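Working notes, beginning with the structure itself.
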Amino acid sequence: MELKGYKVLAFVDEEFEDLEMWYPVLRLRESGCEVHTAGLQAGRAYRGKYGVPLVADRSLDEVKSEDYIGLYVPGGWAPDKLRRYEQVLRLTREFHEASKPIAHICHAGWVLASAKICAGFTMTSTPGIKDDLEHAGAIWVDREVVVDRHIVSGRRPPDLPAFTREFVRVLAEYAGRS
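If you want it as structure tokens, here you go:
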């Protein structure tokens with residue numbers, strides 16, 4: 047699926063899950079998508095749980111949801127930090143309100159729960175945050191990937207191929223409509 051000319055925003059903070067960040071970012075780039083990573087500081091190197099660094103392209107303060115076709119939130123421990131930043135919650139809600147594709151995997155559902163956009167959506171995640179998603183109003187299921195309208199969710203690193211394939215598919219469908 048060709049996504050040349052489209053941009054996706056990916057949030058980053060310390061202790062992101064290395065595979066859950068890099069695998070989707072590289073696959074999105076292979077599909078032609080331009081992926082911008084945004085953290086508290088542009089140009090800062092954030093370290094994954096296993097030490098792989100990623101330099102933020104942008105700061106959270108400078109990105110605008112209208113510049114992107116979709117949003118990606120990787121797992122790891124980073125989502126527990128990201129959900130405390132008002133910029134992250136605002137941007138997540140803006141993507142949701144515009145029905146733009148949002149993908150999250152593993153612990154990244156914490157960001158959507160804190161943004162209060164889970165109600166009525168069927169989602170998956172690592173079983174460790176099942177209760178958090180259900181308390182936020184999601185219908186939790188144990189599957190490698192779940193697509194409910196514009197939200198794509200995945201469980202854990204072994205599910206990355208199916209998860210990323212579905213995210214690219216949903217982005218391409220959205221691009222075809224816009």
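Going by the working numbering, the first residue of the sequence shown is number 47, and it counts up by one from there. Yeah, the Cβ is synthetic: ideal placement off N, Cα and C, and Gly gets one too. As the structure is a computational prediction, the values presented were derived from the model and not from experiment.
Pro147 - DSSP class collapsed to helix/strand/coil: coil
Length-filtered (4 minimum) alpha helix (DSSP H) runs lying within the segment 104-172: 124-128, 132-143 and 155-160
Given 8 Å, three or more beta-carbon pairs between the segment 47-62 and the segment 94-102: yes
Span of the alpha helix (DSSP H), counted from its first residue to its last, around Pro99: Not the alpha helix (DSSP H): Pro99 falls in the beta strand (DSSP E), residues Pro99 to Val101.
Three-way DSSP call (helix, strand, coil) for Leu262 in this model: What the structure shows of the chain is the stretch from 47 to 224, and residue 262 is not part of that stretch, so it cannot be assessed.
Beta-bridge pairing of Tyr92 - partner residues as DSSP gives them: Leu100
From Ala165, Gly155, Gly116 and Pro125, residue whose alpha carbon lies closest to that of Phe141: Gly116
Check whether His82 and Lys50 have beta carbons under 9 Å apart: no
Cβ contact (3+ pairs, closer than 8 Å) linking the segment 143-155 and the segment 197-217: yes
Candidates Leu106, Arg90 and Thr172, of which the one nearest Pro99 by Cα: Arg90
For Trp123, the nearest candidate out of Asp107, Glu66, Ala165 and Pro70 (CA to CA): Glu66
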